[in-house]
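This report concerns only the one structure given below.
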Amino acid sequence: MLTSLKRIIYFGWKDFYSSLGLSLATCFILVIVIFLITSIFLLKGISEHLIASAREKADITIFLKEDSLEEDILKLKEELVKMPEVKEVEYVSKEQALEKFTKEHKDEPEIMRALGLFNNPFLSSLNIKAFEAAQYQAVVSFLENSSFSNLIKEVDYSQRKLLIERIFGITEMVKKAGIIISFILAVIAILVAFNTVRLAIYNSREEIKIQRLVGASNWFIRGPFIVQGAIAGFFSVVFSFFMILGIIYFLGPKISFFLSGFNLLNYFLNNLGVIILIQLATGVGIGVISSYIATRKYLDV
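Just add 386 to wherever you are in the sequence shown, counting from 1, and you've got my numbering.
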C-alpha cells in the first residue's frame, strides 16, 4: 500500500512537471483566487474594527439654544441619566467649549484672530453615551418627545449613524464584489486545471494502456492525475501565503497608522489556523476536484 502511494505521488509529480506550462497557468489563477478569498477574510477584520470604532464614537451630542438656562439644562441631564439605556452624560458649557477650542488651536494664529472677532460663538451641549449603539434611537425618541425639546437646537446623531451605515455598506459591497470575482476565477481555475489533467491523460495514454494490461487498479491509474491537481493547489497555497504575509508586513504599519488600534499582522497571526484552512480548502480543493472530474470523464476505468 505504501509502495503504491509513493508511486502514485511520483507519477503525479511527473505529470505535473511534464505539462509545466499548463501547470503553472493553473497555479497562477489559483494564486489569484486564494489571494482574493484571503483578502476578503482580512477585509472582514478591518471592517469589523471600523464599525466597532465608529460605534464607540457614536455618541449623541445635543446642542442647546443660546437662551437656554443652565438650570433647565441640568434638569435635562438628570432625566437623561435616569434612562436605562444611558451610560454617561457630560455637560459642556459654552465657556468650556470655547476654552477647549482655544487650547486645541492656540498655535494657529489665523484661527485665533478670526475667533477674536466674535463673542463666544459656541453653544452649550450635552454629550450622551449609551451602553449599546442600538440604544441611541431610544434616546433620540425621548429627546424629541420630552418637555425639554424646546431647549434643543440640534441633535448631532444622524450624521454619525450615517457614517456607520456607509462603512457597513461599502465593506459589504467590496465583500460581494470579491466573492463574485473569486467565484469567476475559481471557475476559470477549475477549467484550466481540468484541461491540464486532460492533456496529461492524453500524453500518458500509452502508459495507461500498459497499466490496464498488467491489471493496475483504478485508483493507481487515477491517483497520479488527482495528485497532480493537489500539487498545483499546494504550491499555489504556499506562494499565496508568503505573498500575502509579505504584503501585510510592508503595508501593515501604514494601515495601522490610518486605523488606530488595529494591527493587521496581529490579526493575520491570530487567525492563522483559519486562514491556512481557507487557503488549503480553496487551492488544494479546486485542484483535486477538477482533477477528479477530469479523470471521471476521460479515463475509462
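From the three backbone atoms N, C-alpha and C, an ideal C-beta is built for every residue, glycine too. Predicted model, so just to flag it, every value in this text is computed and none were measured.
Burial state of residue 673 is buried, judged by a 10 Å Cβ sphere holding 16 or more other Cβ atoms. Following the DSSP letters along the chain, one finds residue 621 inside the alpha helix (DSSP H) bounded by residues 604-644. Across the structure, residue 489 and residue 530 are spaced so that their CA atoms are roughly 33 Å apart. DSSP places residue 477 outside any alpha helix (DSSP H); the residue lies instead in the beta strand (DSSP E), whose first and last residues are 472-478. The three-state reading of DSSP puts residue 450 in strand, counting E and B together. The alpha-carbon separation between residue 404 and residue 660 amounts to approximately 34 Å. Residue 445 counts as buried, since at least 16 other C-beta atoms from the protein chains shown sit within 10 angstroms of its C-beta. A direct Cα-to-Cα measurement between residue 563 and residue 603 gives close to 45 Å.
Comparing alpha carbon positions, the residue from 464, 437 and 453 closest to residue 552 is 437.
Buried is the label assigned to residue 630, since at least 16 other Cβ atoms lie within 10 Å of its Cβ.
Put simply, the region 456-473 does not touch the region 584-596. Fewer than three CB pairs are less than 8 Å apart. Residue 537 is classed as buried because its beta carbon has at least 16 other beta carbons within 10 Å across all chains shown. When the beta-carbon positions are compared, residue 575 and residue 677 stay at least 8 Å from each other.
In the DSSP assignment, residue 513 falls within the unbroken beta strand (DSSP E) covering 511-516.
Contact check between the region 638-656 and the region 609-618: fewer than three CB pairs, one atom from each, fall below 8 Å, which does not count as touching. In summary, residue 455 is exposed, with fewer than 16 beta-carbon neighbours lying within 10 Å of its beta-carbon over all protein chains present. In this structure, residue 398 sits near residue 609, with a CB-CB distance shorter than 8 Å. Around the beta carbon of residue 669, 16 or more other beta carbons sit within 10 angstroms, so the residue counts as buried. Looking at the DSSP output, residue 458 bridges to nothing. By the neighbour-count criterion, in which a residue is buried when 16 or more other Cβ atoms sit within 10 angstroms of its Cβ, residue 472 is buried. Take the alpha-carbon of residue 486 and the one of residue 478: they are about 10 Å apart.
Spanning the alpha carbons of residue 665 and residue 541 requires a straight line of approximately 47 Å. Beta-bridge analysis with DSSP links residue 418 to no other residue.
By the criterion of a C-beta distance shorter than 8 Å, residue 509 is surrounded in its chain by 449, 450, 451, 452, 480, 483 and 539, once the five residues flanking it on both sides are discounted. Counting only the Cα atoms, residue 543 lies some 12 Å from residue 527.
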